[in-house]
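Asks: Have a look at this one before I ask anything.
Residue numbers (full-length UniProt numbering), protein chains in the order written: chain A, 1 to 215; chain B, 1 to 215.
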C-alpha cells in the first residue's frame, strides 16, 4: 500500500530531479562557453600613437620608452584592430588587396619575429606600387604569394590563430585608415571563419609559384 | 509516518518535475527561435541568367517568358546575393562606393517599384564615372546622397528590412562580380546589423544636401 506508493514516488522524484539537474547543467554549459568575439570597427580612425601597444606586444623584455610624439594614446579603431592582430599566438593568414600601412606592417613583422606563422596573399598589380609593405615583409622572411590574373585579388581579410576572422572594406593603407569611410568586422563564429580559411588555402595553393606562368 | 513521508515526496516530485519542465521549455524556445541567416559568398561568380529570378520577384502578374540567352540558370554567388536583396519587403539601405552592375541596378529598381523604401549613399568621385547606375536610380525616383569629402566613401554594404546585413569587399560592378576575388557576408545577428544601421543613418544625415558646400 503506502510503502509501495512511497517507493514509487521516491523513484519518480529521483528521476525528475535527475532530469532537472541535467537540463540545468546543459544550460549552464552553454552559458559558460566563452562568448565569441563580435566587434564592428568603423573608419576613418582618429590619429593615435601606437608605440606603447607595439612595445607591449613585443614582450616583457622590450620595456616601452615613453614615446615623445604628440599624438593621443587613447582607444581608436586602428588601436583596436592592432590589438586583435597582436593577439595572434600561432598563425596569421593575410589576404589583402593593398598593404602599405607602416603601422600594420610593423605589427605583422613583430608577430613574425615572435614565432607566429605568417602567410600573405596579395594582388600583383598593387604589390609593386610605391609604399607597399610587401617587399619589407618578404625581406623579413615572411612568405608572400600573389595572383597572376587579370581580375583583382580584392579580399581584405585576416585570420588569427585559425579562429578569429577580421574582414571588411578596409585596405591596409594609411589613406584608408585615416581618410576613408570603412568598416571592419571581427568574427569568431566558425560558420564564418571556416569558409574564409578554406578560401585562403584554396588561393594559397593556386598562387603557388610552381603554377606561375612566364609569358 | 509513511503517509506524511509520501506526501513530502509527492511535493518534492512535483517541484522537481516543474523545474525540469521549465528548463525543457526554455531550451525548446531557444532552439525553436529561427536561426539567423549566416552565409558567406565568394566571387568571381560564374555567369548565369537572372531573368527568371527578377521575373519571380516582380510578382505573380509578371509571368516569366523563358529567356532565350545561352547562360546557365543555376545557383551562383550573384544569384544568391540577388535573392537576399529581393527578399526586402519594407526597406533597403545601400552604402556603396561603386555601383555600376546593371543586374543589381535592375533588382534595386524593382524593389523601389514594389514599394520598398530604398535609400542610397555613394561616393561622389565614383558616381560620375561612365556606367554608374546612380543616375538611373535617381531618374527612377530613388533617393541618393553622396559625400563631399576628400576621402572615399568606401563602404560596400546593404541592409534589408533593418534586420539583414550584406557586407564585404565586393563593389557592385560587373568587373568585381565576374573577375575579382571577393567576399560577401550575409548576417542577421543584431550585434552586427545595429552598428551598420547607425553608421548608415549617421552618414545619411551628414550627406544631407542642406549640408553641401559649393566652393
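Backbone N, C-alpha and C fix where the C-beta goes; we use that ideal spot for every residue, glycine too.
Taking residue 247(A) as the reference, give the member of 43(A), 76(A) and 189(A) with the closest Cα.
Replies: Residue coverage of chain A in this structure runs from 1 to 215, which leaves residue 247(A) outside it and unanswerable.
Asks: What does DSSP give as the partner residues of residue 43(B) in its beta bridges?
Replies: DSSP, once it has assigned bridges, lists 182(B) as partnering residue 43(B).
Asks: Leaving out five residues before and five after residue 197(A) in sequence, what residues of the same chain have Cβ atoms less than 8 Å from its Cβ?
Replies: Around residue 197(A): 93, 159 and 162.
Asks: Take every Cβ of the segment 143-153 of chain B, pair it with every Cβ of the segment 164-182 of chain A, and state whether three or more of those distances are shorter than 8 Å.
Replies: Touching, yes.
Asks: On a CA-only basis, which of 177(A), 155(A), 172(A) and 42(A) is nearest residue 132(A)? Give me that one, please.
Replies: The shortest C-alpha separation from residue 132(A) is found at 172(A).
Asks: Give the straight-line distance between the Cα atoms of residue 68(B) and residue 175(A), rounded to the nearest whole angstrom.
Replies: Residue 68(B) and residue 175(A): Cα-Cα distance of roughly 46 Å.
Asks: Residue 200(B) to residue 95(B), Cα distance in whole Å?
Replies: Going by the C-alpha atoms only, they are around 7 Å apart.
Asks: Would residue 25(B) be called buried (16 or more neighbouring beta carbons within 10 Å of its own) or exposed?
Replies: Residue 25(B) comes out exposed.
Asks: Can you name the residues of chain A whose CB is closer than 8 Å to the CB of residue 192(B)?
Replies: Result: 38, 40 and 185.
Asks: Please identify, using Cβ separations under 8 Å, the residues of the segment 196-207 of chain A that lie next to chain B, in order along the chain.
Replies: So the close ones are 196, 199 and 203.
Asks: For residue 200(A), does the three-state DSSP call read helix, strand or coil?
Replies: Residue state, collapsed to three classes: helix.
Asks: Ends of the alpha helix (DSSP H) at residue 83(A)?
Replies: 77-86 is the extent of the alpha helix (DSSP H) around residue 83(A).
Asks: How would you list, in chain order, the residues of chain C whose beta-carbon sits under 7 Å from the beta-carbon of residue 5(B)?
Replies: Of the protein chains in this structure, namely A and B, none is chain C.
Asks: Please confirm whether residue 17(A) has its beta-carbon closer than 8 Å to some beta-carbon of chain B.
Replies: Yes, contact with chain B.
Asks: Tell me the DSSP bridge mates of residue 157(B)?
Replies: 95(B) and 167(B), per the DSSP bridge assignment.
Asks: For residue 103(A), which residues in the same chain have their Cβ closer than 6 Å to its Cβ, ignoring the five residues on either side in sequence?
Replies: Cβ within range, chain order: 50.
Asks: In three-state DSSP terms, what is residue 122(B)?
Replies: Strand.
Asks: Give the secondary structure of residue 240(B) by DSSP, where H, G and I count as helix, E and B as strand, and everything else as coil.
Replies: Not covered by the structure: residue 240(B). The range shown for chain B is 1 to 215.
Asks: Residues in the segment 144-159 of chain A with C-beta within 9 Å of chain B's C-beta atoms, listed in sequence order?
Replies: Cβ contacts with chain B come from 147, 149, 150, 151, 152, 153, 154, 155, 156 and 157.
Asks: Between which two residues does the beta strand (DSSP E) holding residue 65(A) run?
Replies: Residue 65(A) -> no beta strand (DSSP E), and no H or E assigned at all.
Asks: Taking 8 Å as the threshold, find out whether the segment 36-48 of chain B comes into contact with the segment 74-89 of chain B through three or more Cβ pairs.
Replies: Yes, they touch.
Asks: Looking only at its own chain, which residues have a Cβ that is under 6 Å from the Cβ of residue 169(A), when we skip the five neighbours before and after it?
Replies: Around residue 169(A): 182 and 183.
Asks: Provide the residue span of the alpha helix (DSSP H) that contains residue 106(A), from first to last.
Replies: Segment 102-113, the alpha helix (DSSP H) holding residue 106(A).
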